[in-house]
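With the numbering used here applied, the sequence shown corresponds to residues 277 to 637, in that order. Just so it is clear, CB atoms sit at the ideal spot from N, CA and C, and this is done for glycine as well.
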Amino acid sequence: MEQVHLKYGTSAVDFEVDGAKSVKYLYENKMRVIEDIKAEFLHCVTDGVIGTKPLKELIAPTDPVTIVISDMTRFWMRQDVICELLVKYLHDEMGVGYDQIAVVVALGTHRKNTAEDRRKLASEFVYDHVASVTDHDCDAPDLVYIGTTSFGTRVSVNPLAVGRKVICIGGTVHHLMAGYGGGRKSIVPGIASRETIRMNHERALDPEKPMTDVRVGSGLVENNPINLDMREAGAMVHVTFGINIVVDTSSRHSGLFCGEFDKAWQASCSYVQKGYGLPIDYQADVVIASCGGFPKDLNFYQSTKTLFNASRAVKEGGTLIMLAECPEGSGSRDFFDWIKPLSRKNMRCFIVIGMSHQCII
Numbered sequence: 277m278e279q280v281h282l283k284y285g286t287s288a289v290d291f292e293v294d295g296a297k298s299v300k301y302l303y304e305n306k307m308r309v310i311e312d313i314k315a316e317f318l319h320c321v322t323d324g325v326i327g328t329k330p331l332k333e334l335i336a337p338t339d340p341v342t343i344v345i346s347d348m349t350r351f352w353m354r355q356d357v358i359c360e361l362l363v364k365y366l367h368d369e370m371g372v373g374y375d376q377i378a379v380v381v382a383l384g385t386h387r388k389n390t391a392e393d394r395r396k397l398a399s400e401f402v403y404d405h406v407a408s409v410t411d412h413d414c415d416a417p418d419l420v421y422i423g424t425t426s427f428g429t430r431v432s433v434n435p436l437a438v439g440r441k442v443i444c445i446g447g448t449v450h451h452l453m454a455g456y457g458g459g460r461k462s463i464v465p466g467i468a469s470r471e472t473i474r475m476n477h478e479r480a481l482d483p484e485k486p487m488t489d490v491r492v493g494s495g496l497v498e499n500n501p502i503n504l505d506m507r508e509a510g511a512m513v514h515v516t517f518g519i520n521i522v523v524d525t526s527s528r529h530s531g532l533f534c535g536e537f538d539k540a541w542q543a544s545c546s547y548v549q550k551g552y553g554l555p556i557d558y559q560a561d562v563v564i565a566s567c568g569g570f571p572k573d574l575n576f577y578q579s580t581k582t583l584f585n586a587s588r589a590v591k592e593g594g595t596l597i598m599l600a601e602c603p604e605g606s607g608s609r610d611f612f613d614w615i616k617p618l619s620r621k622n623m624r625c626f627i628v629i630g631m632s633h634q635c636i637i
């Protein structure tokens, strides 16, 4: 008899597995844990910077600065710790006034945050000191058009990302459509218009057949039209500096990749693949998967990442059980609107491989 403990929301589920021929656990490969995050941060914005100059040489004391951070569904990366270190560094070491710093929460089409949410996401110190901590509004009338990608996506973004020095803080993980999260996703969908987001996400569809484009999937970036479109759109913002966070499954900081927006993000993707790109020996009759608890299972939209990844570990005709509390229900309305073309039988889903945070076979 096997005793099992899996995360579920802010609590856990304990149960017994009895009578199974074999039980196998899938976890990430061993990952380092950063013991001194302040020292790591200072190294990564100075001597350890990737593909560009140290942060001090990229921003002048008189420059207005916008810091883009992620929303509550990605709080697993504990960006508040990094955001606070960054703001203190900009002010104390670089002479940038607190009143010159604005923080924008990259909501995409997600729900609005409460003031308490924003305080948590940016950290209490940042919330109480900088000029503003605001949610991005993908339907706002003052979004700024900055160009059209070669794929035909019209790119409009938050006005605080135009004419200012922009620093993006994001968390890198496998992503079921874009290959990997983080990096350019801070711009699209993060701070883009609803039209831009819709046009970009349409790149998931095969341009000629009623199905998902086979180039789209977890860990796929080279010829992935969603990723390539996002990278083009992100480049239009001319982000000054990118900070990419990688955590282990306990949300402990494991990697920090800082520097040139695209190059630093690519370095973080390689690190994620080494940690979470776990091959499986066989497909099982029964797979039980946890999303990893809050906030990874905040809503069903976020939880589908585990669903799609875990599905690759189960045999055809097998049983898949997923633990996802989903206290906020289904999540993004735009995501579930895809049911309409599915019901008309003019789009077919294509499931791709990734890595479940915690899976029992």
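Decide if I502 is buried, meaning its Cβ has at least 16 other Cβ atoms within 10 Å, or exposed. buried
| field | Cut-off 8 Å between Cβ atoms - residues of its own chain near N389, not counting five sequence neighbours on either side | value | D347, M348, V381, L383, L397 and D411
_Below 8 Å on the Cβ atoms is my contact criterion, and I expect T425 with E484 to pass it. Report the Cβ-Cβ distance as a whole number of Å._
20 Å between Cβ atoms; not a contact.
Legend entry - Boundaries of the beta strand (DSSP E) in which D561 is found, first to last residue: Taken as a continuous stretch (DSSP letters only), the beta strand (DSSP E) holding D561 covers A560 to S566.
Note to self: Suppose contacts are defined by Cβ-Cβ distances below 9 Å. Is V638 in contact with S587 by that definition?
What the structure shows: In this structure the chain extends from 277 to 637, so residue 638 is not present and cannot be described.
Is the distance from the Cβ of I310 to the Cβ of I343 below 9 Å?
-> no
With which residues is H451 paired in a DSSP beta bridge? G455
*asked:* Closest to S527 by C-alpha separation, out of M353, I556, T286 and F317, would be which residue?
replied: M353
Discussion item. For the beta strand (DSSP E) containing N575, name the first residue and the last one.
Written reply: Run containing N575: none; DSSP gives neither H nor E here.
Going by DSSP, what residues sit across from F517 in a beta bridge? Looking at the DSSP output, F517 shares a beta bridge with I443.
Same chain, Cβ closer than 7 Å to V433, neighbours up to 5 away in sequence not counted: Within the same chain, and ignoring the five residues on either side of V433 in sequence, the residues whose Cβ sits closer than 7 Å to its Cβ are L419, V420, I422, I463, I467, A468 and V513.
**Prompt:** Which value, in whole angstroms, describes the spacing of the CA atoms of G568 and A454?
**Reply:** C-alpha separation (whole angstroms): 21 Å.
Beta-carbon proximity check, D559 vs V523, cutoff 9 Å: Here residue 559 turns out to be Gln, not Asp, going by the sequence shown. No; because the gap between Cβ atoms is not below 9 Å, this pair is not in contact.
task = Report all residues from its chain with a CB closer than 7 Å to the CB of H451; omit the five preceding and five following residues, and keep chain order.
result = G457 and S494
Q | Complete beta strand (DSSP E) runs within the stretch 468-523 (minimum length 3 residues, chain order) | A | 517-523
On the premise that S399 lies in contact with D356, defined as a C-beta separation below 8 Å, what is that separation, rounded to the nearest angstrom?
-> 4 Å
Exercise. Which runs of the beta strand (DSSP E) spanning at least 3 residues fall entirely within the stretch 374-444, listed in chain order?
Worked result: Fully enclosed beta strand (DSSP E) runs of 3 or longer: 377-382, 408-411, 420-424 and 430-433.
Three or more C-beta pairs closer than 8 Å, one from the stretch 597-606 and one from the stretch 571-586: is that the case here? Because the criterion of three Cβ pairs below 8 Å is met, the stretch 597-606 and the stretch 571-586 touch.
Practice problem: Drop a sphere of 10 angstroms on the beta-carbon of Y552, count the other beta-carbons inside from all chains shown, and report buried for 16 or more, exposed for fewer. | Solution: buried
With burial defined as no fewer than 16 other Cβ atoms inside 10 Å of the residue's Cβ, what is the status of Y403: buried or exposed? buried
* Asked: So which of F570, G594, G593 and E604 has the shortest CA-CA distance to Y284?
  -> F570
* Mind reading off the beta-carbon distance from W541 to R460? Whole number of angstroms is fine, and I expect it under 8 Å. => Confirmed, Cβ separation roughly 7 Å.
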